[in-house]
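Here the sequence shown stands for residues 10 to 135, where the numbers follow the numbering used here. Read through the structure below, which is laid out as structure tokens, and then see the notes.
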Amino acid sequence: MKEDEIYLKVLDRLFKGLKTEKHEKFKNDRLGERKFAINDLYPDIIMTKKNSDEVDFIIEIVIPSYVNKDTLFKKWKPLSQVGSTLYLVVPKAQHKVIEKWCNEEKAEARFGTYEFKNDNVELKFF
Numbered sequence: 010m011k012e013d014e015i016y017l018k019v020l021d022r023l024f025k026g027l028k029t030e031k032h033e034k035f036k037n038d039r040l041g042e043r044k045f046a047i048n049d050l051y052p053d054i055i056m057t058k059k060n061s062d063e064v065d066f067i068i069e070i071v072i073p074s075y076v077n078k079d080t081l082f083k084k085w086k087p088l089s090q091v092g093s094t095l096y097l098v099v100p101k102a103q104h105k106v107i108e109k110w111c112n113e114e115k116a117e118a119r120f121g122t123y124e125f126k127n128d129n130v131e132l133k134f135f
């Protein structure tokens, strides 16, 4: 499966599954329209408190080609310093490596993993 396809499937599955009783949700499709910036960065999903502009959660999908320290320094670490909870949703096989890098560089994040089973996205959060 191509990375663009992986990204879109994970983004779609995540966005549809997010509950909105207490939050508003906004999507930045990195392959399409991006209009919700945080400090000139465009995380994949932003959740604000209901009827507010206050960002509560930031969700970033990490595709295999983004598993590198350059992305850690240019995107994950700055997003982790915004004051909102950052979730990195990463390939299951690379979860431990990414978590180790974040800990070493003091990039605070919570983690979720994804993998594909029979062309369906399986998500787990920690």
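Virtual Cβ for every residue (Gly too), placed ideally from N, Cα, C.
The continuous stretches of beta strand (DSSP E) do not include P52, and DSSP gives it neither H nor E.
Residue range H104 to E113 is occupied by the alpha helix (DSSP H) that includes V106. It is roughly 12 Å from the alpha-carbon of K126 to the alpha-carbon of K101.
The alpha-carbon separation between V71 and V91 amounts to approximately 19 Å. Within its own chain, the residues whose Cβ lies closer than 8 Å to the Cβ of R43, once the five positions on either side in sequence are excluded, are N37 and Y51, listed in chain order. Boundaries of the beta strand (DSSP E) harbouring G121: R119 to K126, taken from the DSSP string. Beta-bridge partners of K34 (DSSP): M56. For E131, the beta-bridge partners assigned by DSSP are E124. When DSSP reads this structure, L97 sits in a beta bridge with E69 and F120.
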